[in-house]
Structure formats: C-alpha cells, structure tokens
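Residue 1 is where the sequence shown starts when you use full-length UniProt numbering, and the numbers rise one by one after that.
All residues carry an ideal CB built from backbone N, CA and C; glycine is no exception.
Small disclaimer: the values here were computed from a predicted structure and weren't measured.
Below is one structure, written out as structure tokens; comments come after it.
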Amino acid sequence: MREIDYAFMVRQHYILLAVAPHKVVSSQRKRFIQIVFGILIGFLLACTLTFESESVTENVIRSTIETHTNTPQSGVIQPKKDIWLRCVITIESQTEKLEKFIEAIKDTYGRRCNQTFYITSSESLQKKYPDLEFYRIKTDLSPNRWSFFDRVLQFASDHSPPTMLLNNATEWTIILNERTYVIVENLKHFLSSMPVDMPIAAGKVTSIRSFLHNIFPFTETHLFSLDAGVVLSKSTLDQIVSNSECRPSYFFKPWYAGKALLQCVRSIGALVFDPVDEDGYRMFLSDSPRSLFMDESKFRLFNNADKGPKSKLSTCCSDKAISFGLVSYRDQRVIEYFLEHVRVFGQ
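Here it is as structure tokens:
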C-alpha cells in the first residue's frame with residue numbers, strides 16, 4: 001500500500017482554512033456591489049421616468065386645451081341656465097379619516113348638487129350613514145380601476161331622475177372622489193353654454209409620457225385626470241354604458257379608469273372639453289389650492305425682485321375654477337367658508 005503523507009495533508013488543510021475566508025469575503029463583496037449597482041440603476045430609471053412625464057406633459061396639455069376649447073362648428077350652442085346636476089362620489093375605503101371627508105362633503109358642495117350619490121366598496125361605511133344615498137359595489141378594486149368605474153357609470157345611468165323632476169332642465173353627471181372639491185355654481189354656469197344636442201364630456205385632459213413611450217411610441221398617453229372630476233352629459237353616459245367596446249372585458253382595455261374613459265368618450269364621437277378661462281387658466285384642477293399657492297410661493301422665494309418685473313399677486317387659479325383635486329377635509333371646509341362668507345367665487 002502507498003504510504004499516506006499525513007504531513008502534506010495537514011499543510012493543505014491549513015492552507016484551505018486560510019484561503020476560504022478570503023473567498024467568502026470576496027464573494028459577499030461582489031454581491032453587495034451588484035445590489036448597490038442595481039439600486040442605483042433603478043433610482044436613475046425612476047428619475048428618468050418622472051422627469052419625462054412632467055416635462056413633456058405640459059407641452060401636450062397646452063395644445064390639447066386650445067383644441068378642445070374651440071367652439072365646435074357642428075351643433076347649436078343654446079345657453080340653458082336650468083341645469084340638473086348629479087354628483088357621484090367614489091369613496092376610496094383606504095383613505096385615512098374617511099368619515100371626516102364624508103361629513104365635509106355633506107356640509108359643503110354635496111348639498112348644492114341636485115342629487116348626491118356615494119359609491120363605496122365598504123359595507124360598514126354604507127351602514128354608518130343611513131341618511132345619505134350610499135351604494136355599495138362588491139369588489140376589492142380601487143375606484144381608479146376601470147372595472148370599478150364602469151360599474152359606477154352603469155349605476156349612474158340606471159338612476160336617471162324622472163322626466164317630471166327635471167322640469168325641462170338638462171341632466172348632467174359629475175363623477176369625482178372624496179378628495180375633490182367642486183364649485184357647483186361655476187360648473188352649472190359652464191354647462192349652461194354647452195350644446196344640448198350632442199354628447200359631451202368635460203374634465204382635465206392630460207398626457208402621461210414615460211421612458212417606455214420611447215420603446216412603444218404608438219401607445220395612447222392621453223387620459224382624464226380623475227382627481228379633477230369628469231362631467232358627462234346624459235347622452236354620453238348612456239352611450240358609453242351601451243357600448244360593448246367600453247366594457248372592462250374588452251381586449252386591450254386600459255386598467256386605469258381615466259385612460260379607458262377618454263377612449264370610450266372618443267369612440268362614441270363625443271365632444272371633449274378641457275376648458276380654460278379668458279386668461280388661459282384651467283378650470284378643472286387636479287391639485288388643491290394650498291398646493292398651487294405653495295408652488296407659486298416657492299417660485300417667488302427664489303425669484304430675485306431685481307431681475308425683471310414683479311409677478312402678479314396670484315396666477316394660481318381661475319376665478320371661474322370648477323374643481324380642485326387632492327383637497328383635505330379641512331381645506332374643503334376652508335374653501336366653503338371663503339366662497340360662502342368672504343366672496344362669491346367667479347363673480
């Protein structure tokens with residue numbers, strides 16, 4: 001038998017013990033570098049996506065507004081002051097202090113709508129407000145999903161008021177969420193100049209472009225901003241509900257309700273309005289007044305008064321503004337106080 005060199009084996013054993021920790025450390029360091037590199041790439045990509053969506057959107061918005069605010073050649077515009085307005089408020093069950101939002105809506109603009117519906121997926125919330133017209137949709141989806149929003153449209157279409165209740169008024173429906181504040185008087189004034197013989201939809205039309213749009217340039221980027229609310233005439237509402245291509249089960253239908261709704265509105269040939277006032281300010285806003293004024297104050301803070309003429313006192317909002325989005329329940333009451341007791345908005 002071959003003699004075993006025990007001394008050689010012992011030396012090899014100690015060499016492996018000395019080298020192995022270095023290999024483990026080197027492997028761990030390599031994995032750590034890969035993880036850090038991946039995080040940096042992801043952060044850079046996220047910044048690129050955000051930058052493109054914010055920088056490109058505004059240019060597209062302006063051209064869209066100019067197109068949609070032109071008076072249509074077809075159809076007869078007949079001012080009709082008597083407007084019957086239904087407010088359909090979708091409630092996100094995950095919103096914090098949801099009861100305070102509902103109370104704020106009930107005490108503010110909700111009482112000025114001709115009819116106010118609250119749509120929720122929460123059974124407990126429905127039972128908590130028996131005095132309000134709460135309706136439950138049995139689903140776990142967000143109101144921003146088209147599957148949920150489509151059922152809201154069907155509900156609104158099925159609950160049209162009797163003809164005798166309308167009394168020759170034009171029926172309109174605005175769909176919004178609990179964080180949207182609507183100036184009902186301004187909305188009715190705007191709707192009074194709309195064509196009465198054509199399907200119409202109105203809201204904030206925006207364009208969301210991302211880095212992926214460069215890879216798939218033919219994808220649709222325009223959509224309704226749901227935070228600003230969307231207004232539909234009765235004919236628009238009924239035609240969308242009866243259109244089979246607008247159902248959530250239709251192939252390639254977007255999951256986001258704002259994009260799917262705009263596609264359906266266009267497919268039925270409805271007029272789309274994203275109105276601006278005489279000074280070019282938007283009337284449907286997806287941000288709150290507090291946010292808009294804060295953005296303006298930040299701009300002035302870094303704007304040297306010696307460089308160029310001073311800006312106006314406020315360029316944030318139109319006096320004819322119709323809606324504000326992302327408004328807290330406190331700010332909804334603040335807006336109500338100023339509108340009702342300090343000044344009449346739009347006059």
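Exercise. Looking only at C-alpha atoms, which of S93, V272, G229 sits nearest to S323?
Worked result: The count along the sequence shown starts at 1 and reaches residue 323 at position 323. Minimum Cα distance to S323 is reached at G229.
Exercise. Alpha carbon to alpha carbon, how far is E336 from Y329?
Worked result: Reading the sequence shown from its first residue, position 336 is the one you call residue 336. Reading the sequence shown from its first residue, position 329 is the one you call residue 329. Cα-Cα distance, rounded: 11 Å.
Exercise. Between G258 and L285, is the Cβ-Cβ spacing less than 8 Å?
Worked result: For the purposes of this step, residue 258 is taken as the residue at position 258 of the sequence shown. For the purposes of this step, residue 285 is taken as the residue at position 285 of the sequence shown. Taking 8 Å as the Cβ cut-off, G258 and L285 do not qualify as a contacting pair.
Exercise. What residue does the beta strand (DSSP E) around I335 start on, and which one ends it?
Worked result: As a first step, residue 335 must be located in the sequence shown, where it is residue number 335. Where I335 is concerned, there is no enclosing beta strand (DSSP E), although the alpha helix (DSSP H) it sits in stretches over 329-337.
For this session: Could you check which residue in I208, N186, D238, D331 has the C-alpha nearest to that of residue 424?
Result: Limits of the chain in this structure are 1 at one end and 347 at the other, which puts residue 424 out of reach.
For this session: Return the CA-CA distance between A260 and I175, expressed in angstroms with no decimal places.
Result: Here residue 260 refers to the residue found at position 260 of the sequence shown. Here residue 175 refers to the residue found at position 175 of the sequence shown. Each residue's alpha carbon lies about 14 Å from the other.
Exercise. Between V36 and K30, what straight-line distance do the alpha-carbon atoms span, to the nearest angstrom?
Worked result: Working through the sequence shown from its first residue, we reach residue 36 at position 36. Working through the sequence shown from its first residue, we reach residue 30 at position 30. Taking the straight line from one Cα to the other gives about 10 Å.
Exercise. The alpha helix (DSSP H) with N186 in it runs from where to where?
Worked result: Position 186 of the sequence shown, counted from the start, is the residue given in the question as residue 186. Note, N186: alpha helix (DSSP H), 184-191.
For this session: Can you tell me which of T206, A169, D140, R290 puts its alpha carbon nearest to the alpha carbon of S93?
Result: Position 93 of the sequence shown, counted from the first residue, corresponds to residue 93. When each option's Cα is compared against that of S93, the closest is D140.
Problem set entry | L339 to F101 span [Cα, whole Å] | Working through the sequence shown from its first residue, we reach residue 339 at position 339. Working through the sequence shown from its first residue, we reach residue 101 at position 101. When rounded, the distance between both Cα atoms is 18 Å.
Problem set entry | F148, buried or exposed, once every other Cβ within 10 Å from all chains shown has been counted against 16 | Mapped onto the sequence shown, residue 148 falls at position 148. It is buried - the Cβ of F148 has at least 16 other Cβ atoms within 10 Å.
Exercise. Do L326 and D287 come within 8 Å of each other at the CB atom, strictly closer than that value?
Worked result: In the sequence shown, counting from the first residue as 1, residue 287 sits at position 287. In the sequence shown, counting from the first residue as 1, residue 326 sits at position 326. Between D287 and L326, the C-beta gap is smaller than 8 Å, which places the two residues in contact.
Problem set entry | Where W172 sits in the DSSP three-state scheme | In the sequence shown, the residue the question calls residue 172 occupies position 172. Note: W172 maps to strand in three-state DSSP.
Exercise. On the three-state DSSP scale, how would you describe W255?
Worked result: Numbered from its first residue, the sequence shown carries residue 255 at position 255. Coil at W255, not helix or strand.
For this session: With a floor of 3 residues, list each beta strand (DSSP E) that falls wholly inside the stretch 77-148, ordered by position along the chain.
Result: Segments of the beta strand (DSSP E) lying fully in the stretch 77-148: 83-90, 115-120, 134-136.
Problem set entry | Chain-order list of residues whose beta-carbon lies under 7 Å from that of P79 (same chain, five-residue window excluded) | Numbered from 1 along the sequence shown, position 79 holds the residue referred to as residue 79. Only weak support exists for where P79 lies, its pLDDT of 47 falling under 50; the value from the coordinates is given anyway. The beta carbon of P79 sits closer than 7 Å to the beta carbons of S192, S193 from its chain, once the five residues preceding and following it are set aside; these are given in chain order.
Exercise. Would you report the Cα separation of C317 and M283, rounded to the nearest angstrom?
Worked result: Here residue 317 corresponds to residue number 317 of the sequence shown, with the count starting at 1. Here residue 283 corresponds to residue number 283 of the sequence shown, with the count starting at 1. So the two alpha carbons sit approximately 8 Å from each other.
Exercise. For T120, which of Y256, P143, Q263 has the nearest alpha-carbon?
Worked result: Residue mapping note: residue 120 aligns to position 120 of the sequence shown, counting from 1. Comparing Cα positions, the closest option is P143.
Exercise. Can you pull the DSSP bridge partners for S318?
Worked result: Looking up residue 318 in the sequence shown gives position 318. For S318, which the question treats as bridged, DSSP gives no partner whatsoever.
Exercise. Does the beta-carbon distance from Q239 to P199 come in below 8 Å?
Worked result: For the purposes of this step, residue 239 is taken as the residue at position 239 of the sequence shown. For the purposes of this step, residue 199 is taken as the residue at position 199 of the sequence shown. It is a contact, given that the beta carbons lie within the stated cut-off.
Exercise. What do you get for S249, buried or exposed, if any count of 16 or more other CB atoms within 10 angstroms of its CB means buried?
Worked result: The sequence position of residue 249 within the sequence shown is 249, counting from 1. Classification of S249: exposed, given that the 10 Å Cβ count is below 16.
Problem set entry | Closest residue to C87 among I39, L153, L40 (Cα-Cα distance) | As a working note, residue 87 is residue 87 in the sequence shown. Its Cα nearest to that of C87, the residue L153 stands out among I39, L153, L40.
Exercise. Alpha carbon to alpha carbon, how far is W84 from A156?
Worked result: For the purposes of this step, residue 84 is taken as residue 84 along the sequence shown, with counting starting at 1. For the purposes of this step, residue 156 is taken as residue 156 along the sequence shown, with counting starting at 1. W84 and A156 have their C-alpha atoms some 14 Å from each other.
For this session: Alpha carbon to alpha carbon, how far is Q34 from R247? Give it in angstroms, no decimals.
Result: As a position in the sequence shown, residue 247 is number 247, starting the count at 1. As a position in the sequence shown, residue 34 is number 34, starting the count at 1. Whole-angstrom Cα-Cα distance: 45 Å.
Problem set entry | Through-space distance from V205 to V272, alpha-carbon basis | Taking the first residue of the sequence shown as 1, we reach residue 272 at position 272. Taking the first residue of the sequence shown as 1, we reach residue 205 at position 205. Approximately 9 Å, taken between the alpha carbons.
For this session: Report yes if the C-beta distance between A201 and L226 is below 8 Å; otherwise report no.
Result: Position 201 of the sequence shown, counting from 1, holds the residue named residue 201. Position 226 of the sequence shown, counting from 1, holds the residue named residue 226. Pairing A201 with L226 gives a Cβ-Cβ distance that is not under 8 Å.
Exercise. Which one of K253, S267, V334, F117 has the shortest CA to CA distance from N177?
Worked result: Position 177 of the sequence shown holds residue 177. Ranking K253, S267, V334, F117 by Cα distance to N177 puts F117 first.
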